[in-house]
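Numbering (the numbering used here), first residue to last: 95 to 546.
Here the structure is laid out as structure tokens; the discussion comes afterwards.
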Ligand code: SAH
């Protein structure tokens, strides 16, 4: 999966080199109140965090308290958050330093935009099911590099309602005597759970990934789930009978609701299906895309390309200030969502194509088509020289590059420069607090006068 995979292997840059800081405070600023509770010799933090109404909950047994530090109890085993043990300010400083070290030779690097409340920001939560030695159903994440499941009940960066729903599903699995899938014997039924939540709409999707298509007592299961969580607006059964580490299989059955959820971002409503990419931190995404729009400086007359467009977010937001938008994306479910999203928002000047972005750009350039602004938001491995060559042939005045990996961004910028584009300032955004990931948006303008 793309940028949101918080369990990806740490990269060189993210190495936990700062062990002495491990016991530092977890961001005091955003915590209203910290109460200490003693529990059989262990001290737990019980915090109240400012924020969305639904998240104004007490967090019990959330983090072990050690001196002044509040650390996620699963941090070591889970390995998902490389920046556990650092204060939020230190995390931001590290990200700033990383982006600056790579990008300052290409122009000004502006201060990173962090979150006021860097908790519970993930609107998408995945867990794998297993059984412990006592045969209890557990859920959690794979220990890095293995298929051993680390049981996790609460996560400091995941949506809390999603974690509640996972707990309920575990209880229901017990009462419905549902078998957990065993990867070794390939026997059993329930494999994974995926939850997506539209923070703006409140809609919740629950995807139950099963090894086989026959779901015993499915209606009663859904009824029992909804009895506990009326917030759930759609339930999907995804069938994954393969022995791979891919979470989702091809086939799906809608067990309840419309089969997708909606969310609102930058004034547009977006439909999100189980398989399509949607940024996992909508609060920061609005800021990031806001900056991307500002840099594009659209006037209403431009022809815009949204490359690697996913469900059409950037292109549809831009369409309101552009003459025409063309989006291209490889994932067919995402393209379906993008087309539906254009309709949903009554946007008539946007078209979406399902194709490899590089091949699509080559075709456009060969057909003598041009564009005024290209937005590009590729996955972690960045774009390709073929893509950039074709952009250069079309010679749009502006390229707005949104990146989830500064190193591939820097590589691509060097190639853009060779093709006559000049970067103008780099804006980092923290979309993934407690992890080493960082998003960056950069504007490049066309200076190669030979082509224009
Ligand atoms: N701009 C979107 C999606 C960005 S994520 C958003 O903000 O939500 C990157 C997207 O690139 C994913 O949707 C992924 O499916 C798509 N992608 C990956 N490789 C691609 C390729 N070769 N051609 C086109 N799209 C690709």
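Here a beta-carbon is modelled for each residue, glycine too, at the ideal position from N, C-alpha and C.
A straight-line Cα-Cα distance of about 16 Å links residue 530 and residue 205. Judged by beta-carbon spacing, residue 300 lies beyond the 8 Å limit of residue 274, meaning their Cβ atoms are not closer than that value. Where residue 413 is concerned, the enclosing alpha helix (DSSP H) starts and stops at 407-413. Contact check for residue 246 and residue 231: beta-carbon distance about 13 Å, past the 8 Å limit, so the pair fails to qualify. Annotated as distal: residue 521 and residue 482, with beta-carbon spacing of 8 Å or more. In this structure, ligand 1 has a non-hydrogen atom nearer than 7 Å to the beta-carbon of residue 407. DSSP, read as helix, strand or coil, puts residue 332 in strand. In the DSSP annotation of this structure, residue 431 is not part of any beta strand (DSSP E); the continuous alpha helix (DSSP H) holding it starts and ends at 426-438. Secondary structure note for residue 539: its beta strand (DSSP E) is the uninterrupted segment 533-540.
A straight line joining the alpha-carbon of residue 390 with that of residue 537 spans about 8 Å.
Under the three-state reduction of DSSP output, residue 342 falls in the coil class, being neither helix nor strand. In the three-state reduction of the DSSP assignment, residue 357 falls in the strand class, which pools E and B. Cβ-Cβ separation between residue 252 and residue 216: approximately 5 Å, consistent with a contact (criterion under 8 Å). As the crow flies, the alpha-carbon of residue 386 is around 7 Å from that of residue 494.
Taking all protein chains in view, the Cβ of residue 278 is surrounded by fewer than 16 other Cβ atoms within 10 Å, so the residue is classified as exposed. Taking the CA atoms as reference points, residue 490 sits about 53 Å from residue 315. Contact annotation: residue 397 and residue 465 have beta-carbon atoms nearer than 8 Å.
Residue 429 is positioned such that its CB atom lies no closer than 8 Å to that of residue 454.
In the three-state scheme derived from DSSP, where H, G and I count as helix and E and B as strand, residue 524 is classed as coil.
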